[in-house]
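Report on one structure; see the data block that follows.
Following this line, the structure appears as structure tokens:
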């Protein structure tokens, strides 16, 4: 079989294969290649410059059975015997469910997660979105410190375990989205710089030197990261990728890496005959992120909208510190703006940033489903000091209000694991760094970060303490537990799937609200979603002037003139004659 590696700076390269060292021949462009007899499971690596030097793992290794710094294992990505044919499941109409393999179950494996998939399908979820699964040192972590972008974390079950999970998901009718990290590699176990110019000091990120997307040698670096993304989509039959923090991809080339990647993914979708999509996490509020490439956009298919989360969080909790301050001045107006325009910060002044931020989307040209809305995510829970969930901050009744706007609103909805029943377990920041100095630096850095906000060091969970991960493990409820909140989520998802046709633009969404009375109504397609956020006052809310049919409500709605909502309540309605409600009224 063929072994090859890109090492443009090396003078000599050897293949280490099951203890033997074989010289590679140098080809054009810094590539080194050789052919050798090998089969699945055989261990191999590369040695640079000195034949007696250390064995380095293959940067494109598909399996690292001994961890990210051990030798790779030969594997055949096409060998898995798929049981369920899969035509794909696109983003329009999706209901996403973000989960972390290491804490979704006590076992923390792909196989254990697969046992829960039927429950998610029954709830109405369409796609599970896996947090990163690339290898990192240690057993437990969030996954954003991965150092081998082509491989799969062995403690989760390795590449075969991931294939089994995806296969089981498809058998349950669920698509699978994978979170991938192209903006940095983890602080421990990253051997890429020894092979070539994968990083550059021309740009810097919160994690240090930036990935080299625009300097000398960047053609191969781009191909490396794009190739890993395409390999996961093709070989594991994934439906989409979530791209972590694309605003940290420093890239000054005329053709941005993300546009190159989106073109490659669209081409792969045509090749394999099923829809594929990319969802960006971006802090820029830049319409070019999801604008088509033919209009000089990046061509990504959707993006997370933290602005909607922040507006909803403030409305539900009253929290007003940090980046919530911009949204706390008028939470109903902030919600209205994000639901009709996608971005709250669309060019105006951001007090949190001390400058103007963002640019407005073209509402008439932007389908609402291309923005992902949520009340909770791994970031918005785990980056809090104690990892407390929305139900711990606001209570299950107010969490139900958020669910109405997320699941029956115009944006593509996403839940974070356990949200559907109001899980009481926290989801905290945890690591398993094997380097003692790095472990201590992370521990002290976490304490210092929150000390600046008034927290005592002893109150901050130690990321390296195994108990921190254990507290974060989801406790799946018995069937009879939490049935009210779970039933509410199931009912809302059922309404969405039965009545909403994806594709309507943001300009078709109409909002009415009263800032002082703290109520808001959202009209789009055939749905009216009405929410009274006031904790102690009933509200008569504005609805279209024709008969409506009540589909779901958190509390009984009195049969009075107009729509009278009790305190802390929500209702979802549809016109009795089946007409559309979007537009002016």
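Residue numbers (my numbering): 249 to 833.
Think of the CB as a built atom: it goes at the ideal place given N, C-alpha and C, for glycine as much as any other residue.
For residue i, name the three-state secondary structure that DSSP assigns.
i	result
residue 459	strand
residue 760	strand
residue 765	coil
residue 294	strand
residue 536	helix
residue 588	helix
residue 444	coil
residue 684	helix
residue 243	There is simply no residue 243 to check, as the chain begins at 249 and stops at 833 in what is shown.
residue 739	helix
residue 468	helix
residue 816	coil
residue 251	strand
residue 545	coil
residue 708	coil
residue 662	strand
residue 827	coil
residue 490	strand
residue 562	helix
residue 728	Note on residue 728: pLDDT 48, under 50, position unreliable in the model; the coordinate value appears next. If DSSP states are grouped into helix, strand and coil, residue 728 belongs with coil.
residue 604	strand
residue 572	helix
residue 614	coil
residue 690	helix
residue 480	helix
residue 722	coil
residue 434	coil
residue 523	coil
residue 621	strand
residue 655	helix
residue 427	strand
residue 776	strand
residue 597	strand
residue 798	strand
residue 637	coil
residue 450	strand
residue 675	coil
residue 669	helix
Output needed for residue i: all residues of its chain with C-beta closer than 6 Å, excluding positions within five of it in sequence on either side, in chain order.
i	result
residue 529	492, 493 and 552
residue 342	374, 375 and 660
residue 485	334 and 414
residue 498	451 and 458
residue 317	437
Here's a check: name, in chain order, each residue in its chain whose Cβ is nearer than 7 Å to the Cβ of residue i, leaving out the five neighbours to either side.
i	result
residue 642	564 and 565
residue 448	457, 458, 460 and 463
Is it true that the CB of residue j sits closer than 7 Å to the CB of residue i?
i	j	result
residue 434	residue 393	yes
residue 750	residue 340	yes
residue 676	residue 635	yes
residue 289	residue 321	yes
residue 743	residue 820	yes
residue 325	residue 310	yes
residue 770	residue 649	no
residue 444	residue 276	no
residue 293	residue 305	yes
residue 210	residue 763	It is not possible to answer for residue 210, since the shown part of the chain is limited to 249 through 833.
residue 674	residue 694	no
residue 686	residue 436	yes
residue 336	residue 514	no
residue 407	residue 391	no
residue 550	residue 618	yes
residue 284	residue 270	yes
residue 631	residue 593	no
residue 790	residue 812	no
residue 397	residue 476	yes
residue 776	residue 829	yes
residue 430	residue 453	no
In chain order, what residues of the same chain lie with their CB nearer than 8 Å to the CB of residue i, ignoring the 5 residues before and after it?
i	result
residue 578	763
residue 633	698, 701, 703, 707 and 708
- Item | Stretch pair the segment 441-459 + the segment 514-529: three plus CB contacts closer than 8 Å | no
- Query: Unbroken alpha helix (DSSP H) runs of length 4 or more, entirely within the segment 311-381: which are they?
  - Reply: 349-352, 358-362 and 365-371
- Evaluate contact between the segment 611-626 and the segment 652-672, counting only Cβ atoms and requiring at least three cross-stretch pairs below 8 Å. yes
- Task: Within the segment 253-282, note down every full beta strand (DSSP E) run reaching 3 residues or more, in order along the chain.
- Result: 261-265 and 268-271
- Item | the segment 295-305 touching the segment 255-270, judged by at least three CB pairs closer than 8 Å | yes
- Item | the segment 359-372 in contact with the segment 465-482 per 3-pair CB rule at 8 Å | no
- Query: Is it a yes or a no for the segment 699-713 touching the segment 650-659, going by three-plus beta-carbon pairs under 8 Å?
  - Reply: no
- Task: Take every Cβ of the segment 504-521, pair it with every Cβ of the segment 587-597, and state whether three or more of those distances are shorter than 8 Å.
- Result: no
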